[in-house]
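Quick notes on the structure that follows.
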Amino acid sequence: MDAYSVSFTSASQRNFSRIWTDLKSCRQYIVGAGFSGLRCTDILLQHGFEVTLIEGRNRLGGRVHQSKLPSGHKVEDTAGPNWIHGTNDNPILDLANETKTATGQWEERSSVFDEAGKQVPASDAILYSTIMWDVVGAAFAYSNKHSATISPDESLWDFFKKEVPKRIPDTEENFERKRNFVYQLADQWGAFVGSHVFTQSLKFFWLEECIDGENLFVADTYEKILQLVAKPAMEGAKIKYETIVNKIQSTNDEGGTLKVHTEGGESLEFDEVVLTAPLGWLKRHTDAFEPALPSRLSKAIQSIGYGCLEKAYISFPKAFWTLDRSEDNRIEGFCQMLAPDYAADRNPKKWNQEFVELASLKSSAHPTMLYYFYGDQSKFITGELAKLPSKEKKDEFLYDWFKPYYSRLPNYDEKSPDCQPNGCYATEWLNDELAGNGSYSNFQVGLEEGDADIKAMRDGLPNRGLWLAGEHTAPFVALGTATGAYWSGESVGKRIAQAYFRGEGGVMTLG
Ligand SMILES: Cc1cc2nc3c(=O)[nH]c(=O)nc-3n(C[C@H](O)[C@H](O)[C@H](O)COP(=O)(O)OP(=O)(O)OC[C@H]3O[C@@H](n4cnc5c(N)ncnc54)[C@H](O)[C@@H]3O)c2cc1C
120 MDAYSVSFTS
130 ASQRNFSRIW
140 TDLKSCRQYI
150 VGAGFSGLRC
160 TDILLQHGFE
170 VTLIEGRNRL
180 GGRVHQSKLP
190 SGHKVEDTAG
200 PNWIHGTNDN
210 PILDLANETK
220 TATGQWEERS
230 SVFDEAGKQV
240 PASDAILYST
250 IMWDVVGAAF
260 AYSNKHSATI
270 SPDESLWDFF
280 KKEVPKRIPD
290 TEENFERKRN
300 FVYQLADQWG
310 AFVGSHVFTQ
320 SLKFFWLEEC
330 IDGENLFVAD
340 TYEKILQLVA
350 KPAMEGAKIK
360 YETIVNKIQS
370 TNDEGGTLKV
380 HTEGGESLEF
390 DEVVLTAPLG
400 WLKRHTDAFE
410 PALPSRLSKA
420 IQSIGYGCLE
430 KAYISFPKAF
440 WTLDRSEDNR
450 IEGFCQMLAP
460 DYAADRNPKK
470 WNQEFVELAS
480 LKSSAHPTML
490 YYFYGDQSKF
500 ITGELAKLPS
510 KEKKDEFLYD
520 WFKPYYSRLP
530 NYDEKSPDCQ
540 PNGCYATEWL
550 NDELAGNGSY
560 SNFQVGLEEG
570 DADIKAMRDG
580 LPNRGLWLAG
590 EHTAPFVALG
600 TATGAYWSGE
610 SVGKRIAQAY
620 FRGEGGVMTL
630 G
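Numbers in my numbering are just positions in the sequence shown, counted from 1, shifted up by 119.
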């Protein structure tokens, strides 16, 4: 993990008054009951504080959310995270183990379909995917080493344009076709961060590096993990559901209480406020703070990107694509359909399609395809879904949109009942204001001070009693993840305890 640093800049009047405060009279208020807010609540409760958790929705978990797939299969769909990113010292993996949540992995292989919708021979898919991931690895190394001198305008895509010709020289037969293949494989980067590869900052690409170890697919969903993370808050905090905050007022810069205003017209007073609203929400609501946020913090909020990864699950009576397990017809792991020439009516922009199939999971296997989409395609699909009046109409749209792709899977037979989808569900995070109208933070071209921006958000405004937590304030190796959100809440909880002289070892850190 990087040096997960935050700084108290001065021994303010607020800090001195915190020392003498009786914890019973100290009111802590946390906005948002996602992983960061729930973990922060847990830490504060452990230190004897009284905590009120205010949540805009009628449920806990925020972007960690399950929703039932209406297909007859007892499958729960995960609208937010499916993966645990990194297995080395990852608290979410510990929680998965404690709750006996099944996790899985696919064999490290890729199935790729070409522009005509024909499955590419496995040997080619593996060869060119290996080149693609090799360039990604080189880009991480380059970004780590040269971040200071890389232009903010350089993208990961620019790096691909330089590096692929070195790996597939002009002397190779069909070199242009082969390079083009790798360039198209690079599009799948979008499904990791929620934005296109050509907008990925190369200068701050290193901030996308994850915790070491494996990426595990959470086959059982995050539900039991969420229950465990939420338990202390459910048992020990006061929770106000369906309460949306629209203004946070500090009485002055150095002390006094904070007033929190809600859409329902309430005005609540607190000594400390931890705001875990997503970065996308902060971007749209910089006017929610009085006095205005300092310019450095406002700049940080506007500079860090916010992606729009979305997902659609399409279920079938049987996993017809697994009937033929021959090497070249095997669909397993992360799969990609390159810019389709065969879906011109629905997809004239030829957005490529990424998916995983869930039938070959060892635990909780089900006959479902999980499609990931991002960037312009997310905007288009969620825009269309928002216009449709009913679940039936939305399902019709989704079946129609994805049919060109699932009908290219091995053993598809238009007339077979096994190949007719019988349930679907798509996320609409872009239409969800409480999710910040997007998925999670990322790093886009034009970014000049990415690491300093994250630190500015992490620092928050403790002298005003206003703290920020959430995946956008996480340690660098866990930005944008459930683990990062959990760590960020833990860190703010400990910092508040320290400020009240209740930190570990009873030491107050001011400098
Ligand atoms: C499609 C998708 C896929 C993902 N995949 C993965 C993955 O595979 N692995 C992984 O580790 N992470 C993944 N993530 C990221 C992960 O879900 C988030 O990083 C994490 O859940 C964020 O937690 P949080 O506490 O920071 O924010 P949130 O969970 O968003 O919590 C914030 C809470 O604040 C509430 N709120 C917001 N505004 C207000 C307001 N004004 N008033 C009151 N309440 C408010 C919200 O309702 C919400 O409950 C994914 C996210 C998405 C969207």
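Don't be surprised by glycine CBs; every beta carbon is placed ideally from N, CA and C.
Note that the coordinates shown come from a computational prediction; the quantities given were computed from them, not determined experimentally.
Exposure label - residue i; buried when at least 16 CB within 10 Å
i: leucine 163; result: buried
i: aspartate 406; result: exposed
i: glutamine 319; result: buried
i: threonine 290; result: exposed
i: threonine 197; result: buried
i: leucine 442; result: exposed
i: glutamate 382; result: exposed
i: asparagine 207; result: exposed
i: glutamine 224; result: exposed
i: glycine 624; result: Confidence at glycine 624 is low in this model, with a pLDDT of 47, below 50, so its placement is unreliable and the value that follows should be read with caution. Classification of glycine 624: exposed, given that the 10 Å Cβ count is below 16.
i: lysine 430; result: buried
i: glutamate 473; result: buried
i: arginine 137; result: buried
i: histidine 315; result: buried
i: lysine 193; result: Model confidence at lysine 193 stands at a pLDDT of 49, short of 50, so the residue's coordinates are unreliable and nothing is read from them.
i: alanine 152; result: buried
i: glutamine 539; result: exposed
i: asparagine 293; result: exposed
i: arginine 444; result: exposed
i: histidine 265; result: exposed
i: threonine 268; result: exposed
i: proline 410; result: exposed
i: proline 397; result: buried
Proximity to residue i [Cα-Cα], best of the options
i: aspartate 578; options: Leu566, Ile149 and His591; result: His591
i: alanine 463; options: Lys522, Ala349 and Trp606; result: Lys522
i: proline 581; options: Ala571, Phe499, Glu552 and Tyr619; result: Tyr619
i: threonine 376; options: Cys145, Ala571 and Val301; result: Cys145
i: serine 354; options: Arg614, Thr160 and Leu566; result: The amino acid at residue 354 is misidentified as serine; the sequence shows glutamate. Among Arg614, Thr160 and Leu566, the Cα nearest to that of glutamate 354 is on Thr160.
i: glutamine 147; options: Ser155, Ile250 and Leu172; result: Leu172
i: isoleucine 573; options: Ile420, Lys468 and Lys534; result: Ile420
i: proline 467; options: Gln165, Glu385 and Glu234; result: Glu234
i: valine 364; options: Ala241, Ile250, Arg176 and Pro413; result: Arg176
i: phenylalanine 300; options: Lys366, Gly555, Ser248 and Asp339; result: Ser248
i: tryptophan 308; options: Tyr493, Gly424 and Asn448; result: Tyr493
i: alanine 565; options: Ile423, Leu345, Cys427 and Gly589; result: Just to set this straight, residue 565 is glycine in the shown sequence, not alanine. The shortest Cα separation from glycine 565 among Ile423, Leu345, Cys427 and Gly589 belongs to Ile423.
i: leucine 321; options: Leu587, Ala597, Glu568 and Gln563; result: Gln563
i: aspartate 570; options: Leu553, Trp586, Val596 and Ala588; result: Val596
i: arginine 621; options: Phe168, Ile500, Gly156 and Val150; result: Phe168
i: lysine 534; options: Asp447, Pro413, Phe439 and Phe323; result: Phe439
i: leucine 179; options: Ala616, Trp586, Arg614 and Ala554; result: Ala554
Short Cβ contact (8 Å threshold) for residue i with residue j
i: threonine 395; j: glycine 608; result: yes
i: proline 200; j: tyrosine 341; result: yes
i: leucine 335; j: isoleucine 203; result: yes
i: asparagine 209; j: threonine 546; result: no
i: asparagine 263; j: proline 436; result: no
i: leucine 347; j: threonine 218; result: yes
i: glycine 599; j: asparagine 561; result: yes
i: leucine 304; j: methionine 251; result: yes
i: glycine 399; j: glycine 557; result: yes
i: methionine 576; j: leucine 416; result: yes
i: leucine 489; j: tyrosine 432; result: yes
i: glycine 584; j: arginine 133; result: yes
i: glutamine 238; j: serine 229; result: no
i: tyrosine 605; j: phenylalanine 154; result: yes
i: glycine 332; j: glycine 205; result: yes
i: valine 283; j: valine 254; result: yes
Residue i at chain B interface by Cβ criterion, 8 Å
i: valine 150; result: Absence of chain B from the displayed structure is noted, only one protein chain being present.
Checklist entry - Fully enclosed by the stretch 138 to 222, which beta strand (DSSP E) runs are 3 residues long or longer? => result 146 to 150, 169 to 173, 185 to 187, 195 to 197 and 202 to 204, all fully within the stretch 138 to 222.
Next on the checklist: My parser needs the alpha helix (DSSP H) runs of 4 or more residues fully inside the stretch 283 to 364; what are they?
Outcome noted: Entirely contained in the stretch 283 to 364, the alpha helix (DSSP H) runs reaching 4 residues are, in chain order, 294 to 305, 309 to 312 and 342 to 355.
Checklist entry - What alpha helix (DSSP H) runs, 4 residues minimum, are completely inside the stretch 366 to 403? => result For the stretch 366 to 403, whole alpha helix (DSSP H) runs of length 4 or above, ordered along the chain, are 398 to 403.
Next on the checklist: What ranges does the alpha helix (DSSP H) occupy inside the stretch 423 to 480, keeping only unbroken runs of at least 4 residues that lie completely in it?
Outcome noted: Listed in chain order, there is nothing to give.
Next on the checklist: In chain order, what are the residue ranges of uninterrupted alpha helix (DSSP H) at least 4 long that sit wholly in the stretch 504 to 587?
Outcome noted: Every unbroken stretch of the alpha helix (DSSP H) spanning 4 or more residues and falling wholly within the stretch 504 to 587 is given here in chain order: 510 to 525 and 569 to 578.
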